[in-house]
C-alpha cells in the first residue's frame with residue numbers, strides 16, 4: 114500500500130494540536146470527506162491512557178465507507194496512537 118508523510122510547522126501548541134486530534138466527534142466539522150464520527154466505547158487504558166473505539170464515515174461522491182479504529186489517548190505524553198480495528 115502506498116504511504117505518504119509530510120512535516121509542517123503549525124502555529125499551535127502541542128496541547129492545542131492534541132486537543133484537536135483527540136476530539137474525534139468533531140472531525141466532520143473540519144475534515145473533508147468525513148461525513149460522520151461515532152464513538153463506540155471509551156475505557157481507561159494502562160496508566161493514565163484512554164482507549165477509544167471509533168467509527169469514521171468517509172464519503173466522496175458515490176463512495177461511502179466506514180473506518181473503525183482503536184485510538185489510544187495519552188494526554189500526559191501528548192501522544193495519540195491509532196490502529197485499524
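Residue numbers (this note's numbering): 114 to 198. Backbone N, C-alpha and C define an ideal beta-carbon position, used for all residues, glycine too. Note that this is a predicted model, so its numbers are computed, not measured.
| Check | Outcome |
| --- | --- |
| Please report whether the beta-carbon of residue 177 lies at a distance below 8 Å from any beta-carbon of chain C. | The question asks about chain C, but that chain is absent: this structure has only one protein chain. |
| On the CB-based measure, 16 or more other CB atoms within 10 Å of its CB, does residue 137 come out buried or exposed? | buried |
| For residue 133, name the three-state secondary structure that DSSP assigns. | helix |
| In chain order, what residues of the same chain lie with their CB nearer than 7 Å to the CB of residue 134, ignoring the 5 residues before and after it? | 193 |
| Taking the alpha-carbon positions, what's the residue 185 to residue 174 distance? | 31 Å |
| Helix, strand or coil for residue 143 per DSSP? | helix |
| Spatial neighbours of residue 157 within its chain, please: CB distance less than 8 Å, with the 5 preceding and 5 following residues excluded, ordered by chain position. | 163, 164 |
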